[in-house]
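The structure appears right after this line, and notes come after that.
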Amino acid sequence: MKQALEKIELCAREELAKIADPAELETLRIRFLGKKGELTAIMKQMAALSAEERPAIGQLANRVRSDIEQALAEKTAQLKAEASALKLREEKLDVTLPGKAPKLGKLHPMDVVMHEIEDIFIGMGFDIVSGPEVEYDYYNFEALNLPPDHPARDTQDTFYINDNILLRTQTSSIQVHVMENRKPPIRVLSPGRVYRSDAIDATHSPIFHQIECLVVDKGITMANLVDTLNMFLKRLYGEECAIRLRPHHFPFTEPSAEVDIRCFNCGGKGCSMCKGEGYVELLGAGMVHPKVLKNCGIDPAEYSGFAFGLGLERVTMGKYGINDLRLLYENDLRFLNQF
Amino acid sequence: MNLSMKWLADYVKINAEPKKFCYDMTMTGSKVEGYEVEGGKIKNVVVGKLLSVVPHENSDHLVVCQVDVGSNEPIQIVTGANNVKAGDLVPVALDGSDLPGNVHIKKGKLRGVESNGMLCSLGELGLTVHDFPYAIEDGIFILQEDCKPGDDIHDAIGLNDVSVEFEITSNRPDCLSVIGLAREAAATYALPFEEPKPEYNGVPGNISDSLSVVIENDKLCKRYIGGMVKNVKIAPSPRWLRERLRASGVRPINNLVDITNYVMLEYGQPMHAFDSRFIVGNEIHVRNAREGETITTLDGAVRELSPEMLVIADTEKPVAVAGVMGGEYSGIMDDTVDVIFESACFDGASVRRTAKKLGMRTDSSARFEKGLDPNGCMPAITRALQLVEILGCGEPLNTVLGCGMKKHEKKTVDFDPKWINEFLGTDIPREDMVKYLERIGFDVVLNKIRVPSFRIDIEGEADVAEEVARFYGYNSIPGAPLKGVANAKLTPAQVMQRKLENACTALGLYEIETFSFISPKYYDKINLPAGSKLRESVTIRNPLGEDTSVMRTTVLPSLCEVLARNYNLRNPEAWLFELGTEYLPTTPDKLPDEPTRLSIGVYGGGADFYTVKGIVEEIFGSLGMDDVEYYAPEGECAFDELSMFHPGRVAVAEIGGKQVAILGEMHPAVAEGYGIGTRVYCAKINVAELLDIEVPEKTYKPLPKFPAATRDISLVCDDGLPVAKLEKLIKNAVGGVLEKIKLFDVYKGEQIAGGKKSVAFSIVMRSPDGTLTDEQADAAMKRVRKALAETGAEIR
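Quick mapping for you: the protein sequence lines, in order, are chains A and B. Residues 132 to 470 (our numbering) make up the first sequence, in order. Residues 707 to 1502 (our numbering) make up the second sequence, in order.
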């Protein structure tokens, strides 16, 4: 009987080793361990054994049963693992095929830069304000210390609707509206479209965008202007950005300055991009002219202010290395989808 | 303004290299655009003396010259010129020399004969006959200069100046002069500078005997000084004078004319010279032009004058347009005997208007229009008469005739160093400020500054602060953070715009930027009705062209242009949006309204009518506006652009009884007009009007506790019956337990009779109070079937 048990075990192990299909496992289990299985049949013969033999054989029978059960379990696990591995192998994808998803659209590159600048100024406590594009001569010129026949009007070739109404040539016109409608302290950023009668070419457009910054309060100094410019430009261009101020003339600021930024290409040494200057002209700035404050009903003896304005196209083109302004208004998708 | 560095050296000695000089001047406010070393492109060109000139053995138009170029042996050069002979001094480009225009000269053979360089013409040196009137244009430049073989050509012909180009801002006409820039340069380098005081002897004679001057309009002419030069000898100017004019970018003409230009460049005061023979009555009247008067100006053009223009006239007619240009017939000619010099001060605005109206901006008008100093007239005319003496080209009378000689007092402004430091945010000592100011000719007396009269720009303390700041150094001003707290936030309109941008890009649309002005023909292109109010645009009086001549009253044509452009560029699909402005006229003397619009245009990428509708639905959804009704605009339509859409595929969206959007497929005829060969879908949303719509704050609704009951229903109805109407009937029939109606099929075609369609809905019902029983759900569906059947629909 002992031999019969050992034979069953040996036979079960041999059969098990041959199995490749998980379905056969159950057949095997029934054959050896089932109610009518071979092991059960042996066990039924236990009663015929002597009292001395029974415990030893009983023990052996239990061990054989549990060994077969364990072998079955291991085989089951093995086959499952193999099947799963095979399935995973079969399911291998070419991960380099393109992804599928609803396509996002994109903002125009100028708008991307505009939002970046707006957000910087919101963070610095500036409201964003706008004003009319079709504007009275008064707001665009006269209130800004550019009376009729002022020679500086020539530098801004103007589109006129009639003698008193024009397309604004500068977002500075918004300054006047703001100062008329708000009392200091004033901190505003006024972005918008401006118009000058320049024919379209790689660097000119009859429509372009300016972003103007205005601060009016008691005790505002040129040092505040320098600091604000630095803070804004470092946030826009990074900490390594450096600027310089040059005296200039704008009728609506006094003192006036042009602000140059150190050439990103050569780091200030001078190269073809900065025409050997080491710096590139970026924006105009200055202390609000006392006459402008006065024209807007703000007492220049009590308040002072500063303003600066920059061209969105120039900043955008510089940021992305765009060399032709016309691309910004042609709206070719092959251009728009690059940003 | 081009400044000759040699000329500058008459007034201030600068040691800096040109590049450093340009930088330093720029940083104190006289912006330099660039500089040019005269003859900088000429290298290895020397004076040569022709020893012999013999015919070339193999050519009948070439000659072979032996040339002494200052070395031991003469060199041989072959030339084609026929104006050379032995003994001539000529410019010789040696082997390995450079000439303007990237010309490089090397030795070689011409028809078998060795040639070791080139004899140069004026043109080859970058010069013209105006620079050397004795030379000819067409041939070798035969030098009449004091030079010897081997001399460098730059020194031999005075081509060794540096010309610096300044961009002078409109507030500083005083810097449109050598003296003005010398003053600035001296102040920049803290060098001494003395105001020049020209003098001349003159021949005795009272000018009043031969000329009288009457200023008839003293508002437009503040001062007029006339000088007289007798027995002039018209000839080319001497070389030094020609060189300076050339370096300043002015063409030399003849000595008398050159003197007027020289004085203008040096003093910044425009001058004019008349031939006194042609001043009828020997009287000069500074007066307004008379109606219908004309003048032929120096450039040969006949100009029609109008009464607001100021002219210089004799007793009969205008002889010059004041401050702009002289008349042709009274100008200096070769046989001129007596010359009248004019040095006057005309009103800037008047000169500007006149020059603009006549369309001729001159060096003179460009100076006058910025506002000149009446006190500048006398030194300028004195200098002109002095130059006549120096050049020996006539006999200046020792008297001049002055009109409007009322003394112009120096302007006085306050000087408050404390205020200046507070304004600039600096700590500059008073004595430094005084130093800076005195260098540019300001007199500081206690707390007052007397400003030189040529500084028309200085009006108040802020102007003084700028003068201090620019010599202290703008970049020496320290930064100081703004003080105080400011609270900023986006306005509701800005928040809405950003939401719209986010929604549009999330929906796959690309943002575009289009011009705000369009061609009026664009209204035809979108098929706008003839009488539409949108055809009344704000019109630009001086447009660049018809294409950009009116401010758009609708954003859609701009969008269509971009769609068409992308289609023509063969971009297979375009999904676009723009947040743009329309310009809607009010009354002619008032500004137009400028509402913001969202325009959307799509073609390709599987887009159809329901794509653009879905986009619009999602956009309203992103703003929290869920109660939007869409319908075919059969009655009144708020959008005149309706006619650009396919009549059967267009819808308007209405919120709160107001039509706020139009959307649909572009009319095939319109698309054809744009050259678009595929179906295009557009929408326009009146963003500005959306701001008035109240959107309820979002509040949490409890998630459903009880299961929903879902019932499907399918029906066949008239094709013309809108699904929205069926949905409305279902909604009313189900009542409060309705959660959702989901359309899942619309079918036309086989098995459905003509003019009919099959529609199928899934109706989801749910009660917040308990599980709906089958009886409740079935009862609701019974009501639905009844309601639908009343429309004539057949329930399946």
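Built from N, CA and C at the ideal position, the CB exists for glycine as well. Being a predicted model, the structure only gives us computed values, none of them experimental.
Per DSSP, residue i forms a beta bridge with which residues?
i: residue 1245(B); result: 1256(B)
i: residue 1109(B); result: 930(B)
i: residue 1281(B); result: 1308(B)
i: residue 1391(B); result: 1304(B), 1367(B)
i: residue 298(A); result: 265(A)
i: residue 340(A); result: 324(A)
i: residue 823(B); result: 800(B)
i: residue 476(A); result: There is no way to answer for residue 476(A), as the model of chain A reaches only from 132 to 470.
i: residue 994(B); result: 1016(B)
i: residue 774(B); result: 755(B)
i: residue 704(B); result: Look at the range of chain B in this structure, 707 to 1502, and you will see that residue 704(B) is not part of it.
i: residue 1446(B); result: 1470(B)
Quick one: what's got a C-beta closer than 6 Å to residue i's C-beta in the same chain, skipping five residues either side?
i: residue 1164(B); result: 1157
i: residue 407(A); result: 401
i: residue 1489(B); result: 1439
i: residue 486(A); result: As shown, chain A starts at 132 and ends at 470. That puts residue 486(A) outside it, with no answer to give.
i: residue 1140(B); result: 1150
i: residue 1108(B); result: 931
If you follow the beta strand (DSSP E) that residue i is in, where does it begin and where does it stop?
i: residue 1046(B); result: 1045 to 1052
i: residue 1118(B); result: 1117 to 1120
i: residue 1075(B); result: Neither: residue 1075(B) is in no beta strand (DSSP E) and is coded neither H nor E.
i: residue 705(B); result: Residue 705(B) is absent from the structure shown; chain B starts at 707 and stops at 1502.
i: residue 740(B); result: 737 to 743
Note the first and the last residue of the continuous alpha helix (DSSP H) segment covering residue i.
i: residue 965(B); result: 961 to 973
i: residue 727(B); result: 724 to 733
i: residue 273(A); result: From DSSP, residue 273(A) is part of no alpha helix (DSSP H); its letter is neither H nor E.
i: residue 1083(B); result: 1083 to 1097
i: residue 439(A); result: Residue 439(A) -> not in any alpha helix (DSSP H); beta strand (DSSP E) instead, spanning 435 to 442.
i: residue 710(B); result: It is not in any alpha helix (DSSP H) - residue 710(B) instead sits in the beta strand (DSSP E) that spans 708 to 710.
i: residue 1172(B); result: 1167 to 1178
Tell me which residues share the same chain as residue i and place their Cβ nearer than 8 Å to its Cβ, disregarding the 5 neighbours each side in the sequence.
i: residue 1254(B); result: 1221, 1223, 1224, 1225, 1246
i: residue 258(A); result: 318, 319, 320
i: residue 302(A); result: 262, 321, 322, 323, 325, 341, 342, 343, 440
At least one CB of chain C closer than 7 Å to the CB of residue i: is that the case?
i: residue 256(A); result: Included in the structure are the protein chains A and B, with no chain C among them.
Could you name the residues of the same chain whose beta carbon sits closer than 7 Å to that of residue i, not counting the 5 residues immediately before and after it, in chain order?
i: residue 1262(B); result: 1232, 1305, 1347, 1350, 1388, 1390
i: residue 1385(B); result: 1309, 1371
i: residue 364(A); result: 372, 374, 392
i: residue 162(A); result: 168, 169
i: residue 394(A); result: 402, 404, 405, 409, 410, 411
i: residue 728(B); result: 738, 741, 870
i: residue 718(B); result: 888, 891, 892, 897, 899
Could you tell me how far apart the beta carbons of residue i and residue j are, in whole angstroms, since I believe they sit closer than 8 Å?
i: residue 831(B); j: residue 748(B); result: 6 Å
i: residue 707(B); j: residue 872(B); result: 5 Å
i: residue 379(A); j: residue 389(A); result: 4 Å
i: residue 1307(B); j: residue 1275(B); result: That belief does not hold up - the Cβ atoms of residue 1307(B) and residue 1275(B) are roughly 15 Å apart, past 8 Å.
i: residue 332(A); j: residue 288(A); result: Going by Cβ atoms, the distance from residue 332(A) to residue 288(A) rounds to 14 Å, so no, they are not a contact pair.
i: residue 935(B); j: residue 1047(B); result: 7 Å
* **Residues within the stretch 1179 to 1199 of chain B neighbouring chain A, beta-carbon criterion of under 8 Å** => 1180, 1181, 1183, 1184, 1185, 1186, 1187, 1188, 1189, 1190, 1191, 1192, 1193, 1194, 1195, 1196, 1197
* Asked: If contact means a Cβ-Cβ distance below 9 Å, which residues of the stretch 430 to 461 of chain A contact chain B?
  -> 431, 435, 459, 460, 461
* Give, in chain order, every residue of the stretch 1335 to 1361 of chain B whose Cβ lies closer than 9 Å to some Cβ of chain A. => none
* Taking any Cβ of chain B, which residues in the stretch 227 to 238 of chain A have a Cβ under 9 Å from it, in chain order? -> 233, 234, 235, 236, 237, 238
* **Members of the stretch 364 to 388 of chain A that neighbour chain B once the beta carbon cut-off is set at 8 Å** => 375, 376, 377, 378, 379, 380, 382, 385, 386, 387, 388
* Members of the stretch 1288 to 1303 of chain B near chain A, C-beta cut-off 8 Å -> 1289, 1294, 1295, 1297, 1298, 1300
* To do: Below 9 Å between beta carbons is the criterion; list the residues of the stretch 1223 to 1246 of chain B that meet it against any residue of chain A, in chain order.
  => 1223, 1244, 1245, 1246
* To do: Could you list the residues in the stretch 338 to 358 of chain A with a C-beta less than 9 Å from some C-beta on chain B, going in chain order?
  => 338, 340, 346, 348, 350, 351, 352, 353, 354, 355, 356, 357, 358
* **Contact set between the stretch 1384 to 1407 of chain B and chain A, restricted to residues whose Cβ is under 9 Å from the partner** => none
* **Chain-ordered residues of the stretch 311 to 333 of chain A with a beta carbon less than 7 Å from chain B** => 316, 318, 324, 328, 330
* Asked: Using Cβ-Cβ distances below 9 Å, what residues of the stretch 248 to 282 of chain A are close to chain B?
  -> 249, 252, 253, 254, 255, 256, 257, 258, 259, 260, 261, 263, 264, 265, 266, 267, 278, 279, 280, 281, 282
* Of the residues that make up the stretch 1093 to 1106 of chain B, which ones have a beta carbon closer than 8 Å to any beta carbon in chain A? -> none
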